[in-house]
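Heads up: take any position in the sequence shown, counting from 1, add 3, and you land on our numbering.
Just so it is clear, CB atoms sit at the ideal spot from N, CA and C, and this is done for glycine as well.
Working notes, beginning with the structure itself.
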Amino acid sequence: MAVNLKNSEEIDQMRIAGRLAAEVLDFITPHVKPGVTTGELDRLCHDYMVNVQQTIPAPLNYTPPGYTPYPKSICTSVNHVVCHGVPGEKKLRGGDVINIDITVIKNGFHGDTSRMFCVGQPSIQARRLVDLTYECMWRGIRAVRPGNTLGDIGHAIQVHAEQNGCSVVREFCGHGIGRNFHEEPQILHYGRPGMGMRLEAGMIFTVEPMINAGKPDIRQMADGWTIVTKDHSLSAQWEHTVLVTENGYEVLTVSAGTPAPPA
Ligand code: MF3
Ligand code: CO
Ligand code: CO
4 MAVNLKNSEE IDQMRIAGRL AAEVLDFITP HVKPGVTTGE LDRLCHDYMV
54 NVQQTIPAPL NYTPPGYTPY PKSICTSVNH VVCHGVPGEK KLRGGDVINI
104 DITVIKNGFH GDTSRMFCVG QPSIQARRLV DLTYECMWRG IRAVRPGNTL
154 GDIGHAIQVH AEQNGCSVVR EFCGHGIGRN FHEEPQILHY GRPGMGMRLE
204 AGMIFTVEPM INAGKPDIRQ MADGWTIVTK DHSLSAQWEH TVLVTENGYE
254 VLTVSAGTPA PPA
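So this is what it looks like as structure tokens:
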């Protein structure tokens, strides 16, 4: 049950891995257009990671307990897909929203980040959910400082989602990250102020809320990976990898194309 605090050499390596993961999202951005398949996005990212960055795509063959090996190098979650969408023959169409989730390994260290993309012109509701979810992630990140608790992060996210008529997915959470893709602690995206583990400088974890426009319930598809909303409502997610610093936080998954934080 131990959380591993990172030393300054490990933090330097995590800055590198985090930047590289974000740079894959920068690279793929111009390709996210009507007509492209999610399989093509996967191949483009895979080749960029392996051949240009010389990073390892962490999802490929990733096999948590109880799962079959993940068959692709990225996750592509379209519309009512909550997370872990498996790239394939599906063509993107105008009005779709898609989360692309990238995890790279560089020098043994993981960087994990995802962004939402609107394909063509989004509906008002889709734009609103994507923006709300971005604000939720940032409200969680802004609760990161030594002395605060994990519950403070989750609470900040949950209140903002629910005040805006949306719901927080409970079954998946953020996670510690480092030499392992997923390590302790779990970062729930809901909670109560002051509850849970206290944050300490040197912790590194992801904040990656999944917010549904409808009910929070989810279902797993027959492929064993893809998670969808039970009511087929739209779902959105954003993810950063964050370091707890002496005064607050440092976002590690930053690149030239990282969207600006909300006001
Ligand atoms: N990148 C996801 C996360 O944020 C995990 C994906 S696991 C995979 O934790 F196997 F589906 F890639
Ligand atoms: Co993650
Ligand atoms: Co991720």
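Going by the CB atoms, is the gap between residue j and residue i shorter than 9 Å?
i      : j      : result
Thr232 : Arg222 : yes
Ala129 : Leu237 : yes
Ile103 : Arg118 : yes
Met140 : Glu211 : yes
Pro198 : Leu135 : Reading off the sequence shown, one finds Met at residue 198, where the question assumed Pro. No.
Ile156 : Gly123 : no
Pro90  : Thr40  : yes
Ala159 : Arg145 : yes
Gly36  : Leu132 : The question names Gly, yet the displayed sequence has Lys at residue 36. No. Outside cutoff.
His113 : Gly168 : no
Kindly indicate which three-state DSSP category residue i falls into: helix, strand or coil?
i      : result
Phe184 : coil
Leu246 : strand
Cys139 : helix
Met17  : helix
Glu253 : strand
Pro33  : helix
Asp104 : strand
Arg269 : Here the chain comprises residues numbered 4 to 266, so residue 269 is not present and cannot be evaluated.
Ile207 : strand
Asp115 : strand
Cys176 : coil
Arg201 : strand
Ile59  : strand
Ile77  : coil
Gln240 : strand
Val39  : coil
Cys48  : helix
Ser11  : helix
Quick one: is the Cβ of residue i within less than 8 Å of any heavy atom of ligand 4?
i      : result
Ile108 : Ligand 4 is absent from the structure shown, which contains only ligand 1, ligand 2 and ligand 3.
Within 10 Å of its beta-carbon, does residue i have 16 or more other beta-carbons around it, so buried, or fewer, so exposed?
i      : result
Glu138 : buried
Arg142 : buried
Pro264 : exposed
Gln57  : exposed
Asn215 : buried
Ala11  : According to the sequence provided, residue 11 is Ser. The question's Ala does not apply to it. By the neighbour-count rule (16 or more Cβ atoms within 10 Å), Ser11 is not buried but exposed.
Beta carbon shell of ligand 2 at less than 6 Å from a heavy atom:
Asp115, His178, Thr209, Glu211, Glu242
Does the contact criterion of 3 or more C-beta pairs under 8 Å hold for the region 241-252 versus the region 159-174?
no
Inter-stretch contact (C-beta, 8 Å, three-pair minimum) for the region 41-52 and the region 186-206
no
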